[in-house]
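What follows is a set of notes on a single structure, which appears directly below.
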Amino acid sequence: MLRKSALPAVLVFKLAFWFSTTLTVAQVPLIGVYEFNNSYDNSYGTLPSLQPIRSPGDTIGFDSGWWVWNGATGRDGTGLSLSLPSPLSTYSIGMRFQLSDTDYYRKIIDFSGLISDYGLYDYYGVFRLYDTRKSGGSISPNTPVTIVFTRDDSTKTANLYVNGDPAPVLTATDLGSLFAETSVLHFFVDDSTTSGEYSPAGQIDELRIWNAALSSSQVPNAFAPIPEPRLGGLVTAAAILGLAVTRRMLRHRTSSTTSAS
Numbered sequence: 027m028l029r030k031s032a033l034p035a036v037l038v039f040k041l042a043f044w045f046s047t048t049l050t051v052a053q054v055p056l057i058g059v060y061e062f063n064n065s066y067d068n069s070y071g072t073l074p075s076l077q078p079i080r081s082p083g084d085t086i087g088f089d090s091g092w093w094v095w096n097g098a099t100g101r102d103g104t105g106l107s108l109s110l111p112s113p114l115s116t117y118s119i120g121m122r123f124q125l126s127d128t129d130y131y132r133k134i135i136d137f138s139g140l141i142s143d144y145g146l147y148d149y150y151g152v153f154r155l156y157d158t159r160k161s162g163g164s165i166s167p168n169t170p171v172t173i174v175f176t177r178d179d180s181t182k183t184a185n186l187y188v189n190g191d192p193a194p195v196l197t198a199t200d201l202g203s204l205f206a207e208t209s210v211l212h213f214f215v216d217d218s219t220t221s222g223e224y225s226p227a228g229q230i231d232e233l234r235i236w237n238a239a240l241s242s243s244q245v246p247n248a249f250a251p252i253p254e255p256r257l258g259g260l261v262t263a264a265a266i267l268g269l270a271v272t273r274r275m276l277r278h279r280t281s282s283t284t285s286a287s
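All you need for the working numbering is the position in the sequence shown, starting with 1, plus 26.
Pasting the structure below:
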C-alpha cells in the first residue's frame, strides 16, 4: 500500500502522463478538423473550408453535429470537396460516417479531382481500393464507421484502418504515383468516368486530415480530443511539480535516516 506521503507524486505523474498521451495527437501534423457543427469550416489547422456538392433536388444540411445528405440523384451524386493549398503525396485521412446503401460500388474518397475511377470505395459492404485489387474490412448500411486511410510516399504504401484497430484491413504497396500529388479531394461523389457509383444518402460526423502517414500505434488515438495549446504548459508544470514533490520526499527520507543514525 502506498504511504500518504507518496500519493501526491503518484497523482501528479498520472496527470502528466494523461496530458502527454493526449498531446501526442496534436504532435502529429494535423492540418484539418471538420466537425460539422453547422459549418463547413476547419476548426484546427491550415486547410480551407469544405465545399458542398449537391445535385438538383437533393437535400443537405446539418443535424446535431452531422452533415446529412438525402436522395442523391444525377450522374455523380452529392457530397463534399476540399481544395488543398498544395498537393499531398504523404498524408492521412480520417472519417467517421455512415452510408444508407452499401450495394454495388459506393465511392468514399476520390483523389483525382473526379477525372479517374481510382479511389476508395464500399463494394457490397467491403472496403475496396480501386484498382489495386485490395479489399478488406466491412461497412454496414446505416451504421457509423470510423476509418483512417494513410499514404506514405517514401514507401509507396497505403493502409486502411477501421474503427481504431491498429491492424490495417488492407495494405497496398508499389503504388508508384497512384493516389499521390492530390490537390483536390472529394468525398461520397462519383468521378466523371463512370456514373451511379455514389451513395444515395448518408451522413458524416467528423473529417480529419494529417500531413503525415499515421503509424499503426497512432491510429487508435486518431480521433482523440484536440488539446488546447495551453495544455503543453500544464504538462510541463505537472512534471516540474512531480519532480519537486519527489525531491522533497527524498530529502525527508534522508533527513529521517540521518536522525535515526
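A virtual CB, placed ideally from N, CA and C, is assigned to each residue, including glycine.
Whether residue i touches residue j by CB criterion (9 Å)
{"i": "L114", "j": "N237", "result": "yes"}
{"i": "P111", "j": "D191", "result": "no"}
{"i": "T158", "j": "A206", "result": "no"}
{"i": "G87", "j": "V94", "result": "yes"}
{"i": "P167", "j": "F123", "result": "no"}
{"i": "Q77", "j": "S109", "result": "yes"}
{"i": "T176", "j": "S118", "result": "yes"}
{"i": "L204", "j": "Y144", "result": "yes"}
{"i": "A227", "j": "N96", "result": "yes"}
Rounded separation between residue i and residue j - CA only
{"i": "P253", "j": "Y70", "result": "11 Å"}
{"i": "D179", "j": "A239", "result": "9 Å"}
{"i": "L257", "j": "V59", "result": "Reliability fails at L257, whose pLDDT of 41 lies under 50, so the model's placement of it is uncertain and the value that follows must be treated cautiously. Taking the straight line from one Cα to the other gives about 19 Å."}
{"i": "S218", "j": "Y131", "result": "14 Å"}
{"i": "K182", "j": "Q244", "result": "19 Å"}
{"i": "P74", "j": "A193", "result": "31 Å"}
{"i": "S241", "j": "S138", "result": "24 Å"}
{"i": "Y156", "j": "I235", "result": "21 Å"}
{"i": "D200", "j": "A184", "result": "9 Å"}
{"i": "Y66", "j": "H212", "result": "14 Å"}
{"i": "T220", "j": "T116", "result": "27 Å"}
{"i": "A52", "j": "F249", "result": "With a pLDDT of 49 at A52, under the threshold of 50, the predicted position of this residue should be treated as unreliable, though the coordinate-derived value follows. Looking at the two C-alpha atoms, the distance is approximately 11 Å."}
{"i": "S90", "j": "G202", "result": "41 Å"}
{"i": "L140", "j": "S81", "result": "15 Å"}
{"i": "L186", "j": "T85", "result": "30 Å"}
Sequence-distant residues of the same chain with beta carbon closer than 7 Å to residue i, five excluded per side
{"i": "I79", "result": "T104, G105, L106, S107 and V215"}
{"i": "I266", "result": "Confidence is the limiting factor: at I266 the pLDDT is only 47, short of 50, which leaves the residue's position unreliable and the question unanswerable from this model."}
{"i": "S142", "result": "D217 and T219"}
Host beta strand (DSSP E) of residue i (start-end)
{"i": "S112", "result": "G105 to L114"}
{"i": "P78", "result": "Q77 to I79"}
{"i": "N96", "result": "W92 to N96"}
{"i": "V59", "result": "L56 to Y60"}
{"i": "F88", "result": "T85 to D89"}
{"i": "S242", "result": "Looking at the DSSP string, S242 is not in any beta strand (DSSP E), and its letter there is neither H nor E."}
{"i": "Y117", "result": "Y117 to L125"}
{"i": "D231", "result": "G228 to W236"}
Spatial neighbours of residue i in its chain, beta-carbon cut-off 8 Å, leaving aside the 5 residues before and after
{"i": "W92", "result": "F62, Q229, I230 and D231"}
{"i": "Y224", "result": "A98, D102, G103, T104, G105, R132, K133, F214, V215 and D216"}
{"i": "N64", "result": "F88"}
Close Cβ partners of residue i (< 6 Å) along its chain, the five nearest in sequence each way excluded
{"i": "T128", "result": "D148, G151, I165 and P167"}
{"i": "S209", "result": "L110 and P113"}
{"i": "V188", "result": "G163, I173 and V195"}
{"i": "R154", "result": "Y147 and S161"}
{"i": "M121", "result": "I173 and L233"}
{"i": "S251", "result": "Residue identity check: residue 251 is Pro in the sequence provided, not Ser. There are no such residues."}
CB contact check: residue i to chain C, cutoff 9 Å
{"i": "D217", "result": "Protein chain content of the structure displayed is limited to a single chain, and chain C is not contained in it."}
Next on the checklist: Please give me, in chain order, every unbroken run of the alpha helix (DSSP H) with length at least 4 that falls completely inside the segment 127 to 207.
Outcome noted: none
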